[in-house]
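Trainee:
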Amino acid sequence: MKICFYPGCSFASSAGYKESTDAVCRKLDIELAEIPDWNCCGATVLFGENKLRALALSARHFVLAETMGFDEIVTGCNACYATLRKSADILSEDPGLFQQTKDVLKIFDLDLVAIPRIRHLFEIIDQAMPEITTDKYRDVPVAAYYGCQLTRPHQDLDKGDHPSMVEKFLEKIGFAVTEHSAKTACCGASHAVIHKDECRPLVQRIVGEMDSKGAKAITTVCPLCQFNLDQNQSKDAGPYLPVTYFTQLAGLALGLSPKELGMDKLLVSAAKVLTRP
Amino acid sequence: MTSQMKPRIGVYVCHCGMNIAPKVNVEEVVDHVKDMPHVAVARDYKFMCSNPGQDMIIKDIKELGLNRVVVASCSPRMHEKTFRNALRTAGLNPYYFQMANVREQASWVTKDSIEATEKAKALASAAVSRVVFHQPLLTREVQVEKSILIVGGGIAGMQAALTSAQAGYKVYLVEREPSIGGHMAKFDKTFPTLDCAACIMTPKMVDVYQNPNIELFTYSEVEKVEGFIGNFEVTVKMNPRYVDMTKCTGCGMCMEKCPTKKIKSEFNEGLANRTAIYTPFPQAVPNVPVIDPVNCLVLGKGKKCGACAKFCESNAIDFDQKPEYKTVKAGAIIVATGFKAFNPGSIGYYGYGRYPEVYTSLEFERLNNATGPTSGKMVMKNGQVPKRVAIVHCVGSRDQRYKKYCSRVCCMYSMKFAHLIHEKTGAEVWEFYIDIRSPGKNYEEFYNRVQEEGVRFVRGRVAEITDMTDDPKDKGRLTVVAENTLTRRTLRIPVDMVILSVGMEPALGADNIGRLLGVSRDADGWFNELHAKLAPVATPMNGVFLAGCCQGPKDIPDTVAQSMGAAGEAIAMLSKGFVTTQAEISFIDPDLCTGCKSCIGACAYSAIGFDDVRKVAVVNEALCMGCGSCAATCPSSAASVRHFSDRQIMGELEML
Numbered sequence: 004m005k006i007c008f009y010p011g012c013s014f015a016s017s018a019g020y021k022e023s024t025d026a027v028c029r030k031l032d033i034e035l036a037e038i039p040d041w042n043c044c045g046a047t048v049l050f051g052e053n054k055l056r057a058l059a060l061s062a063r064h065f066v067l068a069e070t071m072g073f074d075e076i077v078t079g080c081n082a083c084y085a086t087l088r089k090s091a092d093i094l095s096e097d098p099g100l101f102q103q104t105k106d107v108l109k110i111f112d113l114d115l116v117a118i119p120r121i122r123h124l125f126e127i128i129d130q131a132m133p134e135i136t137t138d139k140y141r142d143v144p145v146a147a148y149y150g151c152q153l154t155r156p157h158q159d160l161d162k163g164d165h166p167s168m169v170e171k172f173l174e175k176i177g178f179a180v181t182e183h184s185a186k187t188a189c190c191g192a193s194h195a196v197i198h199k200d201e202c203r204p205l206v207q208r209i210v211g212e213m214d215s216k217g218a219k220a221i222t223t224v225c226p227l228c229q230f231n232l233d234q235n236q237s238k239d240a241g242p243y244l245p246v247t248y249f250t251q252l253a254g255l256a257l258g259l260s261p262k263e264l265g266m267d268k269l270l271v272s273a274a275k276v277l278t279r280p
Numbered sequence: 010m011t012s013q014m015k016p017r018i019g020v021y022v023c024h025c026g027m028n029i030a031p032k033v034n035v036e037e038v039v040d041h042v043k044d045m046p047h048v049a050v051a052r053d054y055k056f057m058c059s060n061p062g063q064d065m066i067i068k069d070i071k072e073l074g075l076n077r078v079v080v081a082s083c084s085p086r087m088h089e090k091t092f093r094n095a096l097r098t099a100g101l102n103p104y105y106f107q108m109a110n111v112r113e114q115a116s117w118v119t120k121d122s123i124e125a126t127e128k129a130k131a132l133a134s135a136a137v138s139r140v141v142f143h144q145p146l147l148t149r150e151v152q153v154e155k156s157i158l159i160v161g162g163g164i165a166g167m168q169a170a171l172t173s174a175q176a177g178y179k180v181y182l183v184e185r186e187p188s189i190g191g192h193m194a195k196f197d198k199t200f201p202t203l204d205c206a207a208c209i210m211t212p213k214m215v216d217v218y219q220n221p222n223i224e225l226f227t228y229s230e231v232e233k234v235e236g237f238i239g240n241f242e243v244t245v246k247m248n249p250r251y252v253d254m255t256k257c258t259g260c261g262m263c264m265e266k267c268p269t270k271k272i273k274s275e276f277n278e279g280l281a282n283r284t285a286i287y288t289p290f291p292q293a294v295p296n297v298p299v300i301d302p303v304n305c306l307v308l309g310k311g312k313k314c315g316a317c318a319k320f321c322e323s324n325a326i327d328f329d330q331k332p333e334y335k336t337v338k339a340g341a342i343i344v345a346t347g348f349k350a351f352n353p354g355s356i357g358y359y360g361y362g363r364y365p366e367v368y369t370s371l372e373f374e375r376l377n378n379a380t381g382p383t384s385g386k387m388v389m390k391n392g393q394v395p396k397r398v399a400i401v402h403c404v405g406s407r408d409q410r411y412k413k414y415c416s417r418v419c420c421m422y423s424m425k426f427a428h429l430i431h432e433k434t435g436a437e438v439w440e441f442y443i444d445i446r447s448p449g450k451n452y453e454e455f456y457n458r459v460q461e462e463g464v465r466f467v468r469g470r471v472a473e474i475t476d477m478t479d480d481p482k483d484k485g486r487l488t489v490v491a492e493n494t495l496t497r498r499t500l501r502i503p504v505d506m507v508i509l510s511v512g513m514e515p516a517l518g519a520d521n522i523g524r525l526l527g528v529s530r531d532a533d534g535w536f537n538e539l540h541a542k543l544a545p546v547a548t549p550m551n552g553v554f555l556a557g558c559c560q561g562p563k564d565i566p567d568t569v570a571q572s573m574g575a576a577g578e579a580i581a582m583l584s585k586g587f588v589t590t591q592a593e594i595s596f597i598d599p600d601l602c603t604g605c606k607s608c609i610g611a612c613a614y615s616a617i618g619f620d621d622v623r624k625v626a627v628v629n630e631a632l633c634m635g636c637g638s639c640a641a642t643c644p645s646s647a648a649s650v651r652h653f654s655d656r657q658i659m660g661e662l663e664m665l
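First to last, the protein sequences are chains A and B.
Take the first sequence: its position 33, counted from the start at 1, is 36 in the working numbering, and no numbers get skipped.
Take the second sequence: its position 65, counted from the start at 1, is 74 in the working numbering, and no numbers get skipped.
(1) Starting from Tyr248 of chain A, trace the beta strand (DSSP E) both ways and give me its first and last residue.
(2) So, with DSSP's three-state summary, where would you put Arg52 of chain B?
(3) With a cut-off of 8 Å on the beta carbons, I'd call Arg651 of chain B and Leu146 of chain B a contact; round off their distance for me.
(4) Can you pull out the residues from the stretch 353-367 of chain B whose beta carbon lies closer than 7 Å to at least one beta carbon of chain A?
(5) Taking the alpha helix (DSSP H) that Gln175 of chain B belongs to, which residues open and close that run?
(6) Any idea if Thr11 of chain B is buried or exposed, counting beta-carbon neighbours within 10 angstroms, 16 or more meaning buried?
(7) By the criterion of Cβ-Cβ separation under 7 Å, what are the contact partners of Arg208 of chain A in chain B?
(8) Alpha carbon to alpha carbon, how far is Lys175 of chain A from Pro261 of chain A? Give it in angstroms, no decimals.
(9) Beta-carbon separation of Ile522 of chain B and Thr346 of chain B under 8 Å?
(10) Per DSSP, which one or two residues make a beta bridge with Glu242 of chain B?
(11) Considering only DSSP beta bridges, list what Lys450 of chain B is partnered with.
(12) Output, in sequence order along the chain, the residues in the stretch 152-179 of chain B whose CB is closer than 8 Å to any CB in chain A.
(13) Output the distance between the C-alpha atoms of Leu132 of chain B and Leu500 of chain B, rounded to the nearest integer angstrom.
(14) So within the stretch 386-456 of chain B, which uninterrupted beta strand (DSSP E) runs reach at least 3 residues, ignoring any that extend past its ends?
(15) Give the secondary structure of Val22 of chain B by DSSP, where H, G and I count as helix, E and B as strand, and everything else as coil.
(16) Quick one: Cα of Ser17 of chain A to Cα of Phe230 of chain A, how far?
(17) Leaving out five residues before and five after Leu100 of chain A in sequence, what residues of the same chain have Cβ atoms less than 8 Å from its Cβ?
(18) Where DSSP assigns a beta bridge to Cys205 of chain B, which residues make up the other side?
(19) Using a threshold of 8 Å, state whether the C-beta atoms of Glu630 of chain B and Thr589 of chain B are closer than that.
(20) Can you tell me which of B:Leu73, B:Ala616, B:Ile565, B:Val627 puts its alpha carbon nearest to the alpha carbon of Leu601 of chain B?
(21) Closest Cβ-Cβ distance between Gly241 of chain A and chain B: below 8 Å?
(22) Any beta carbon from chain B within less than 8 Å of Lys171 of chain A's own beta carbon?
(23) Using a C-beta to C-beta distance shorter than 7 Å, which residues of chain A count as neighbours of Lys482 of chain B?
(24) I'd like to confirm the pairing. Which residues does DSSP put opposite Gln152 of chain B in its beta bridges?
(25) Note down, in chain order, each residue of its chain lying with its Cβ closer than 6 Å to the Cβ of Gly518 of chain B, except the 5 sequence neighbours on either side.
(26) Distance check for Leu205 of chain A and Phe8 of chain A, CA to CA, integer angstroms please.
(27) Just the chain B side, please: which residues come within less than 9 Å of Ala188 of chain A by C-beta, in chain order?
(28) Residues in the stretch 157-170 of chain A with C-beta within 8 Å of chain B's C-beta atoms, listed in sequence order?
(29) How is Phe230 of chain A classed by DSSP in three states: helix, strand or coil?
(30) Would you mind telling me which residues of chain B sit closer than 7 Å to Ala185 of chain A, beta carbon to beta carbon, in chain order?
(31) Let me see if you follow: with CB-CB separation under 8 Å, is Glu22 of chain A close to chain B or not?
(32) Between Thr278 of chain A and the rest of its own chain, which residues show a CB-CB distance below 6 Å, the 5 nearest in sequence each way excluded?
(33) Is DSSP giving Arg77 of chain B helix, strand or coil here?
(34) By alpha-carbon positions, which one of B:Tyr21, B:Ala570, B:Ala647 ends up nearest to Ser59 of chain B?
As structure tokens, then:
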């Protein structure tokens with residue numbers, strides 16, 4: 004299977020997201036066709052600043068993907084996912100803005116014609132992963148962290164506030180699941196960089212909740228979620244739960260080594276919990 | 010006076026005090042129409058609907074020999090009847106009248122005075138042009154059945170039944186549950202007086218049961234409705250109870266012996282269990298159990314049990330019962346189908362269904378009720394008494410994503426809860442509200458009283474209910490997250506129990522009842538009354554009336570008042586012994602009808618039959634509502650609606 008992949012700005016530099024995604028996709032025969040010369044998606048902030056500019060940033064990828072012959076764009080970041088979907092929704096519903104965006108892109112010799120379907124990498128991996136029947140990791144209760152933008156506002160992947168698709172995925176690939184109440188709680192998102200003191204308690208609440216419900220590891224589907232949960236623990240007092248990417252757990256389940264999956268980059272080490280002889 | 014006579018029209022332009030006159034230049038309107046063909050006289054007057062106004066018309070008819078009248082004033086829904094009666098008094102057929110609505114359609118809705126006047130001129134001259142073609146029409150009197158059928162046996166239906174029966178009318182009361190009583194039977198106390206609901210409810214239930222004028226159909230549904238105002242024929246389906254009502258003594262032995270004991274009790278909102286053979290609650294009326302055919306070992310699972318039959322001393326158990334149908338005649342129908350509570354499960358961030366200590370208000374009513382699962386002890390699922398309780402207002406109500414409307418009762422019952430919790434447990438109570446709505450008699454006083462008792466009120470919609478805690482000592486408790494919009498601070502309040510004050514939705518099956526009776530519903534599913542202010546219990550369907558929450562959320566006092574009103578309206582309609590049918594109905598010209606039957610399918614009131622001998626469609630004049638669907642559908646122009654002929658409508662349009 005070949006998919007049109009939009010990595011977004013933090014994919015390659017995050018703690019093993021790229022390594023694990025590449026390794027797992029190789030194993031599952033998924034070819035990631037990266038959009039050439041991709042640009043910033045504008046994240047969530049640009050829409051408030053300049054709607055047309057925000058739309059044009061997303062729509063540029065829509066044209067590039069179409070030129071590559073795809074009608075779907077896959078991304079592994081919740082913010083990219085939400086931003087691209089928001090643009091796709093607006094451009095499908097508002098013919099006026101569609102025309103304006105089309106006019107902007109024309110300056111760059113790009114012709115906006117079709118709006119692709121936006122999908123999250125999780126959907127692709129979840130579909131492709133076989134059921135893992137070994138009990139190698141059954142003793143590791145994992146808490147899934149969805150972040151705020153994967154299931155909201157769009158609630159078509161799962162329930163908005165209390166989703167369960169990642170838990171089902173974890174069960175399928177041989178991990179134990181910790182049910183908890185922080186699945187979509189706010190981690191501070193990009194504010195964690197500038198407003199550290201305000202955001203640290205938010206993260207502490209999330210990891211504290213997971214810890215108190217018995218989790219031994221956390222898994223995320225987004226680079227910023229991973230970063231916030233990981234780095235705030237490594238600096239503060241505990242509870243030191245390793246914060247993995249779902250692709251890293253998928254890789255382990257498929258028998259790949261932690262090194263191949265870039266897990267040595269995690270700030271809170273996963274070695275104790277996830278290393279198997 | 011016949012239509013062949015040369016028309017002599019009187020036109021009267023009303024000032025309606027200050028409603029029409031200053032905006033619309035009435036003198037100009039009079040000038041505009043007075044020289045139109047056939048107009049004999051045109052005048053303006055301050056209040057045409059007043060006695061002097063009507064007398065002016067009557068006098069002109071007599072003295073000037075008018076044979077047509079136009080009044081340019083308000084909506085025909087307001088005063089058409091008034092002026093038609095004036096014509097009748099003067100000896101003129103009332104249908105020689107046309108009304109131009111220059112108030113709702115001109116003065117009230119037009120900013121510019123000149124524009125409003127032009128509009129009024131057009132409307133008035135259109136009416137003049139139309140009235141020329143009016144024909145005299147006759148109404149008929151139809152005998153009525155002096156009985157009333159009531160759908161729904163909650164407090165609304167029961168009260169309507171008692172009032173109707175008191176007036177000597179035969180009442181058929183149809184309730185789909187095994188017992189009458191509805192939601193009110195589930196309540197413990199009622200606001201703001203804190204009367205014991207059972208104390209004021211159960212005697213009424215017994216009254217209904219014992220009243221010789223009331224025939225009670227419980228565990229029954231309305232299956233089919235035929236006929237028309239004064240002469241409805243209603244088929245009631247009586248679901249099998251599998252217990253012979255004539256033999257059962259209500260001893261309760263069957264329920265004691267039933268081995269299937271762990272079925273969630275609907276009456277107790279799933280907080281207690283019942284057996285497969287059961288009465289919903291101990292004071293059920295009638296006190297005859299039903300067997301739940303899904304969970305019964307014999308009926309549902311095909312097993313040999315029959316414990317109930319074995320121990321029944323009066324041989325009342327009958328596993329072979331089938332549904333029975335009975336057709337009754339009723340002159341009027343009162344719909345009292347009530348409401349259902351909003352299910353908060355769809356609001357993910359309130360955690361209902363996930364956290365055991367999050368209750369709906371109906372669940373809490375049971376928890377607080379002496380006959381409820383805890384015998385009225387206000388305790389959590391672990392048996393402990395809560396120390397702090399949060400009450401969340403407007404759950405499902407006043408929310409663009411769920412129900413936009415205010416459910417009207419939640420503020421008051423929430424404060425009732427607060428008072429009762431405080432009184433019974435001493436727990437701290439927090440009310441999270443958007444606005445407090447306490448507009449009933451002694452309601453505001455109750456609000457003040459609860460505030461004085463120390464209940465904390467936070468103005469802010471609750472954002473989240475979670476078991477995530479910041480402080481380890483709160484582990485196991487719930488945290489309510491909300492913004493106090495008065496202090497602009499975010500609150501995280503640890504509590505032991507949360508009550509979601511859920512709003513009201515139309516009862517399940519209301520859509521079906523609406524279809525059967527031809528009563529329309531609004532966008533939210535509540536039944537439409539005929540007029541929001543002046544006909545709040547009647548419906549556009551003649552002879553069908555509304556009582557209680559089926560028409561919109563209401564508290565008990567309003568429900569009881571409306572029920573008495575509905576009964577009163579029904580009685581007023583039936584007491585004469587006959588009803589007058591409307592004259593503006595469809596007429597199918599047998600000479601033009603090709604017998605294609607298109608109109609029969611188009612008629613929403615089943616008012617068109619087919620004459621197999623002449624091969625033409627025939628209108629049942631008693632059923633026809635004059636909607637005009639047949640006239641619009643008829644390919645050969647055989648169908649037309651009296652008083653809405655092509656000539657009349659074209660005449661009107663020419664001047665607009």
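Here a beta-carbon is modelled for each residue, glycine too, at the ideal position from N, C-alpha and C.
Mentor: Based on what the coordinates show:
(1) Stepping through the first sequence from its first residue, residue 248 of chain A is reached at position 245. Looking at the DSSP string, the run of the beta strand (DSSP E) that includes Tyr248 of chain A is 246-248.
(2) Mapped onto the second sequence, residue 52 of chain B falls at position 43. DSSP places Arg52 of chain B in the strand class (E or B) of the three-state scheme.
(3) Reading the second sequence from its first residue, position 642 is the one you call residue 651 of chain B. Reading the second sequence from its first residue, position 137 is the one you call residue 146 of chain B. Indeed they touch by this definition, with Cβ atoms about 6 Å apart.
(4) If the cut-off is 7 Å between Cβ atoms, the stretch 353-367 of chain B has Gly357, Tyr358, Arg363 near chain A.
(5) In the second sequence, the residue the question calls residue 175 of chain B occupies position 166. Note, Gln175 of chain B: alpha helix (DSSP H), 164-175.
(6) Locating residue 11 of chain B in the second sequence gives position 2, counting from the first residue. Bear in mind that a pLDDT of 46 at Thr11 of chain B, under 50, signals an unreliable position, so the number given afterwards is only what the model happens to contain. Answer is exposed; the Cβ neighbour count stays below 16.
(7) Taking the first sequence and counting its residues from 1, one reaches residue 208 of chain A at position 205. Within chain B, the residues placing a beta-carbon under 7 Å from that of Arg208 of chain A are Met477, Asp479, ordered along the chain.
(8) As a first step, residue 261 of chain A is located in the first sequence; it is residue number 258 there, counting from the start. As a first step, residue 175 of chain A is located in the first sequence; it is residue number 172 there, counting from the start. The straight-line gap separating the alpha-carbon atoms of Pro261 of chain A and Lys175 of chain A is approximately 20 Å.
(9) Against the second sequence, residue 522 of chain B aligns to sequence position 513. Against the second sequence, residue 346 of chain B aligns to sequence position 337. In contact: Ile522 of chain B and Thr346 of chain B (Cβ atoms closer than 8 Å).
(10) If you number the second sequence from 1, residue 242 of chain B lands on position 233. DSSP, once it has assigned bridges, lists B:Glu235, B:Lys338 as partnering Glu242 of chain B.
(11) Your numbering for residue 450 of chain B matches position 441 in the second sequence. Residue pairing for Lys450 of chain B: DSSP places it in no beta bridge.
(12) So the list is empty, because no residue satisfies the distance condition.
(13) Sequence index remark: in the second sequence, residue 132 of chain B carries index 123 (1-based). Sequence index remark: in the second sequence, residue 500 of chain B carries index 491 (1-based). Leu132 of chain B and Leu500 of chain B have their C-alpha atoms some 60 Å from each other.
(14) Fully enclosed beta strand (DSSP E) runs of 3 or longer: 397-404, 437-442.
(15) The count along the second sequence starts at 1 and reaches residue 22 of chain B at position 13. The answer is strand: DSSP assigns Val22 of chain B an E or B state.
(16) Indexing the first sequence from 1 puts residue 17 of chain A at position 14. Indexing the first sequence from 1 puts residue 230 of chain A at position 227. Each residue's Cα considered, the two are about 8 Å apart.
(17) For this step, residue 100 of chain A is matched to residue 97 along the first sequence. Non-local beta-carbon contacts of Leu100 of chain A in its own chain, meaning distances under 8 Å to residues more than five positions away in sequence, involve Lys54, Leu55, Leu58, Ile93, Leu94 in chain order.
(18) The residue you call residue 205 of chain B lines up with position 196 of the second sequence. For Cys205 of chain B, the pairing in a beta bridge is given by DSSP as B:Lys198.
(19) One-based indexing of the second sequence puts residue 630 of chain B at position 621. One-based indexing of the second sequence puts residue 589 of chain B at position 580. At a Cβ-Cβ threshold of 8 Å, Glu630 of chain B and Thr589 of chain B do not count as neighbours.
(20) Here residue 601 of chain B refers to the residue found at position 592 of the second sequence. Residue B:Val627 is the option with its Cα nearest to Leu601 of chain B.
(21) Position 238 of the first sequence, counted from the first residue, corresponds to residue 241 of chain A. False, the Cβ-Cβ gap to chain B never drops below 8 Å.
(22) Position 168 of the first sequence, counting from 1, holds the residue named residue 171 of chain A. Lys171 of chain A does not count as touching chain B.
(23) Translated into positions along the second sequence, residue 482 of chain B becomes position 473. Here the premise fails: no neighbours, minimum Cβ distance about 12 Å.
(24) Residue mapping note: residue 152 of chain B aligns to position 143 of the second sequence, counting from 1. Under DSSP, Gln152 of chain B forms a beta bridge with B:Phe587.
(25) On the second sequence, residue 518 of chain B is found 509 positions in, with the first residue counted as 1. If we look at Gly518 of chain B and ignore the five residues flanking it on each side, it has no Cβ neighbours.
(26) Translated into positions along the first sequence, residue 8 of chain A becomes position 5. Translated into positions along the first sequence, residue 205 of chain A becomes position 202. Rounded to the nearest whole angstrom, the C-alpha separation of Phe8 of chain A and Leu205 of chain A is 31 Å.
(27) Here residue 188 of chain A corresponds to residue number 185 of the first sequence, with the count starting at 1. Those within 9 Å of Ala188 of chain A in chain B are Glu473, Thr475, Met477.
(28) Of all residues in the stretch 157-170 of chain A, only Lys162, Gly163, Asp164, His165 come within less than 8 Å of chain B when Cβ atoms are compared, listed by chain position.
(29) As a position in the first sequence, residue 230 of chain A is number 227, starting the count at 1. Helix at Phe230 of chain A.
(30) Position 182 of the first sequence, counted from the first residue, corresponds to residue 185 of chain A. Those within 7 Å of Ala185 of chain A in chain B are Met477.
(31) Position 19 of the first sequence, counted from the start, is the residue given in the question as residue 22 of chain A. So no, Glu22 of chain A is outside the interface.
(32) Within the first sequence, numbered from 1, the residue matching residue 278 of chain A stands at position 275. Shown here for Thr278 of chain A: not one same chain residue has a beta carbon closer than 6 Å to its own, the five before and five after excluded.
(33) Indexing the second sequence from 1 puts residue 77 of chain B at position 68. It is a strand residue.
(34) For the purposes of this step, residue 59 of chain B is taken as residue 50 along the second sequence, with counting starting at 1. With distances taken between CA atoms, Ser59 of chain B lies nearest to B:Tyr21 out of B:Tyr21, B:Ala570, B:Ala647.
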